[in-house]
Structure formats: structure tokens, C-alpha cells
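Top to bottom, those sequences are chains L and V.
In terms of our numbering, the first sequence is residues 1 to 154.
In terms of our numbering, the second sequence is residues 155 to 308.
C-beta: ideal position from N, C-alpha, C; glycine also.
Given the structure is predicted, the values throughout are model-derived calculations rather than measurements.
The block underneath contains the structure these notes are about, expressed in C-alpha cells.
2 protein chains.
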Amino acid sequence: MSEVISSAALLEVWQGNRRLTRRVIEAFPEKDLFEFSIGGMRPFADLAKELLGIAVPGLTEIVDGDTRPLSEDMNVHSKAELLQLWDEATEGINALWPRITPERFSERIALFGQYENSVIDSILYFIENEIHHRGQGYVYLRALGIQPPFFWER
Amino acid sequence: MSEVISSAALLEVWQGNRRLTRRVIEAFPEKDLFEFSIGGMRPFADLAKELLGIAVPGLTEIVDGDTRPLSEDMNVHSKAELLQLWDEATEGINALWPRITPERFSERIALFGQYENSVIDSILYFIENEIHHRGQGYVYLRALGIQPPFFWER
């Protein structure tokens with residue numbers, strides 16, 4: 001079986017995507033970040049909080065094996081606070097990542113006590129979920145008449 | 155360097171995402187698939203055509219090395235035609251994939267004559283671009299009052 005992505009490259013895929021998501025957060029006007037939505041979906045700040053609730057807590061569970069419930073309940077009321085949490089998570093991810101041993105990627109876990117999957121598939125899901133929600137954010141920005149960052153910019 | 159994703163697993167990530175995108179195409183009413191949009195963005199049929207213009211033509215270039223320009227110009231005027239092209243591309247991808255040699259993934263190419271990148275990063279880009287555009291499609295469906303398929307369904 002040929003393996004095509006290294007652990008280090010996968011981290012860079014994730015952090016590259018997180019840098020783009022950070023630009024999307026920045027592109028929102030303060031009020032719209034927390035209030036604007038389409039079709040009953042959540043405002044982008046809530047989507048970003050979901051991503052924050054998954055990233056470091058999920059990786060911590062992957063590294064130390066302790067299950068904890070998913071929490072997206074964060075005391076965040078401004079773009080500056082959200083961006084600060086985002087940057088802290090960037091550092092947190094970089095610190096935790098090297099502690100995922102090569103064997104660990106193929107082990108099965110019950111993430112947040114409920115999502116049974118291999119570690120690698122859980123991490124791919126983190127990234128896919130982020131790209132998915134960021135795609136929502138692009139539509140919000142366009143609907144607000146704001147040019148989003150280029151998708152290929154990382 | 156520990157490698158964490160095999161070629162076969164990456165194909166399954168892509169095809170799992172493509173199955174979900176297919177469900178999103180199916181969820182659109184015929185007329186809205188080709189006409190509905192938000193904020194001046196393209197209707198979902200045009201996004202799907204972009205994905206079709208990338209997948210098999212891009213993989214063909216990766217396999218045989220012949221550069222060709224990107225074309226999203228497809229003679230498609232119904233959901234049934236679009237789904238048929240989608241299914242043909244599913245088969246096409248499955249047929250081309252085993253022809254990507256392990257060494258090929260790390261080689262640099264100028265995809266469609268312009269996007270310089272390694273083969274693995276090009277393929278990851280195909281998948282990320284699809285998730286991104288499908289995220290747009292989710293907002294279109296919600297704005298139309300239609301429940302999209304579950305994101306985690308593959």
C-alpha cells in the first residue's frame with residue numbers, strides 16, 4: 001500500500017486551511033460576523049466556535065485518550081476575541097500534533113464520546129468540516145456585497 | 155517521516171465526498187439547479203460543471219502527462235444529464251486512479267498548463283475545492299427551504 005501524505009504535510013494542509021478561515025473571519029463586519037445568516041443557518045461566528053470546539057479539544061482527546069463532550073459554548077463577543085482564540089488554537093494544534101504517534105493514526109476512537117472512527121478519518125473530518133463551513137461563510141460574504149479572500153490563498 | 159494516508163484511502167475520501175455532492179445535486183429542484191444563486195455567485199449546476207471539468211481531465215493529465223486547458227463548457231441542460239456525467243466521472247476516476255504511480259504523487263506538474271503544484275497537492279485541491287463549492291450549495295438549498303443531506307453521510 002503506497003502512502004501518499006505524511007503527518008507533517010497533513011498538519012500543513014490543516015493549518016493552511018485555518019489561515020484561510022482566519023481571513024474569512026477578518027473579512028466580516030463585526031456585527032454581521034455574529035448576526036448575519038441565510039436560510040436559518042448559524043452566523044459565521046458560531047461556525048467558527050464549532051471549529052474551535054473541535055480542533056484543540058479533539059486533538060487533545062486523540063493525544064491523551066481522555067474522552068470529553070463536545071462544547072461550542074465559548075464566551076466570545078467580538079471579532080478580536082474570536083481571532084485571539086483562533087491564534088491560540090493554531091499554537092495548540094502545533095504543540096499537540098507531534099504527539100500523535102504514527103500508530104495512533106489508524107486506531108479507532110469515540111471522539112467526544114460519540115463519533116466512532118479512526119484517528120486519521122477523524123482528523124480528515126475536522127478539515128472537511130472546516131472547508132464546508134467556510135464555504136458557507138463565502139456565500140454570507142457575497143450576500144453582504146463583500147469580496148471573500150481567494151480560495152487558493154493559504 | 156510517517157505517512158498517514160494511503161493512495162487507496164485518499165481515493166475513498168474523494169469518492170465519498172463525490173457521493174455527497176451527488177446527493178446535493180439531486181436535492182435541487184430542476185430549475186433552481188441551473189438558475190438559483192446568491193450574491194452573484196454561480197448556480198450549483200455551474201459549480202458541478204467546474205468539478206467535472208477538473209476531475210477526470212485533471213487526473214488524465216496527472217496520469218499521461220499531457221497538459222490541456224481547463225474547460226467547464228459542457229452541454230448539460232438537465233439534472234439527469236448532469237447526474238449521468240457525474241456517474242461517468244466516478245467510473246473514470248476509479249479507472250485512472252490506480253495508474254498514478256507512488257512516485258508520481260510527489261512530482262510537480264503545471265495542471266491545465268497553469269497551476270504549478272505537486273500531484274498530491276493538486277489532488278487535495280480538487281477535493282477541497284469540491285467541499286468548498288458544495289458548502290455553497292448547502293446555503294442555496296437552505297435559502298430555498300430545502301433540507302440538505304447530512305454532511306457526514308458518505
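Nearest to residue i by CA position, among the options, is which residue?
| i | options | result |
| --- | --- | --- |
| Tyr-279/V | Glu-157/V, Leu-164/V, Ile-254/V and Ser-160/V | Leu-164/V |
| Pro-252/V | Arg-172/V, Trp-306/V, Asp-218/V and Phe-305/V | Asp-218/V |
| Ser-161/V | Leu-187/V, Ile-277/V, Asn-283/V and Lys-185/V | Ile-277/V |
| Leu-206/V | Asp-275/V, Trp-240/V, Leu-213/V and Phe-304/V | Trp-240/V |
| Arg-308/V | Val-158/V, Phe-190/V, His-286/V and Arg-172/V | Arg-172/V |
| Gly-246/V | His-231/V, Glu-189/V, Glu-215/V and Asp-200/V | Glu-215/V |
| Pro-183/V | Glu-257/V, Ser-272/V and Leu-298/V | Leu-298/V |
| Leu-96/L | Glu-130/L, Gly-113/L and Val-56/L | Val-56/L |
| Glu-284/V | Glu-157/V, Ile-159/V, Arg-176/V and Phe-304/V | Arg-176/V |
| Glu-3/L | Ser-71/L, Pro-102/L and Asp-46/L | Pro-102/L |
| Gln-169/V | Asp-186/V, Phe-190/V and Ala-243/V | Ala-243/V |
| Asn-117/L | Gln-301/V, Thr-221/V, His-286/V and Trp-306/V | Trp-306/V |
| Ile-100/L | Phe-36/L, Leu-59/L and Gly-39/L | Leu-59/L |
| Tyr-269/V | Ile-159/V, Thr-221/V and Ile-192/V | Thr-221/V |
| His-77/L | Lys-31/L, Asn-94/L, Ala-110/L and Pro-149/L | Lys-31/L |
| Lys-79/L | Pro-43/L, Ile-5/L and Asn-94/L | Pro-43/L |
| Pro-303/V | His-132/L, Pro-149/L and Phe-150/L | His-132/L |
Since residue i and residue j should fall inside the 8 Å C-beta cutoff, what is the C-beta to C-beta distance between them, to a whole number of angstroms?
| i | j | result |
| --- | --- | --- |
| Leu-174/V | Arg-288/V | 7 Å |
| Met-195/V | Val-139/L | 7 Å |
| Val-13/L | Ile-127/L | 6 Å |
| Pro-223/V | Phe-266/V | 6 Å |
| Lys-49/L | Glu-72/L | 5 Å |
| Leu-295/V | Ala-181/V | 6 Å |
| Leu-47/L | Gln-136/L | 7 Å |
| Ile-208/V | Ile-5/L | Contact flag wrong, Cβ pair sits at about 19 Å. |
Which bits of chain L does residue i rub up against, with CB to CB less than 8 Å?
| i | result |
| --- | --- |
| Gly-194/V | Arg-142 |
| Ile-274/V | Val-4, Ile-5 and Ala-9 |
From which residue to which residue does the beta strand (DSSP E) around residue i run?
| i | result |
| --- | --- |
| Ile-5/L | 3 to 6 |
| Leu-144/L | First-last for Leu-144/L: undefined, no H or E at that position. |
| Ile-93/L | From DSSP, Ile-93/L is part of no beta strand (DSSP E) but of the alpha helix (DSSP H) over 79 to 96. |
| Ile-263/V | 262 to 265 |
| Glu-116/L | 115 to 118 |
Residues of chain V with a CB under 9 Å from the CB of residue i: which are they?
| i | result |
| --- | --- |
| Gly-135/L | Ile-285, His-286, His-287, Arg-288, Gly-289, Gln-290, Gly-291, Tyr-292 and Val-293 |
| Phe-126/L | Ordered by position in chain V, no residue passes the 9 Å Cβ test against Phe-126/L, which lies about 12 Å from the chain. |
For a contact defined as C-beta to C-beta under 8 Å, what are the partners of residue i on chain V?
| i | result |
| --- | --- |
| Ile-93/L | By Cβ distance, chain V contributes nothing, its closest Cβ being about 15 Å from Ile-93/L, past 8 Å. |
| Leu-10/L | Val-158 and Ile-159 |
| Phe-150/L | Near Phe-150/L there are no residues of chain V at all, since even the closest Cβ is about 12 Å away, more than 8 Å. |
Mind checking which residues open and close the alpha helix (DSSP H) that includes residue i?
| i | result |
| --- | --- |
| Thr-153/L | Reading off the sequence shown, one finds Glu at residue 153/L, where the question assumed Thr. It is not in any alpha helix (DSSP H) - Glu-153/L carries neither H nor E in the DSSP assignment. |
| Glu-61/L | 44 to 64 |
| Glu-226/V | Note, Glu-226/V: premise wrong, no alpha helix (DSSP H); not H, not E. |
| Glu-189/V | 184 to 189 |
For residue i, go through chain L and note every residue whose CB falls closer than 9 Å to its CB, in chain order.
| i | result |
| --- | --- |
| Val-217/V | Simply none; closest approach about 15 Å. |
Between residue i and the ligand SAH, is the CB less than 6 Å from at least one heavy atom?
| i | result |
| --- | --- |
| Asp-64/L | With respect to the ligand SAH, the structure offers nothing, as it holds no ligand at all. |
Starting from the beta carbon of residue i, find every residue of chain V whose beta carbon is closer than 7 Å, and list them in chain order.
| i | result |
| --- | --- |
| Val-13/L | Leu-278 |
Between the stretch 183 to 210 of chain V and chain L, which residues of the former have CB atoms less than 7 Å from a CB of the latter, in chain order? Within the stretch 183 to 210 of chain V, the residues whose Cβ lies closer than 7 Å to some Cβ of chain L are Ile-192, Gly-193, Gly-194 and Met-195, listed in chain order.
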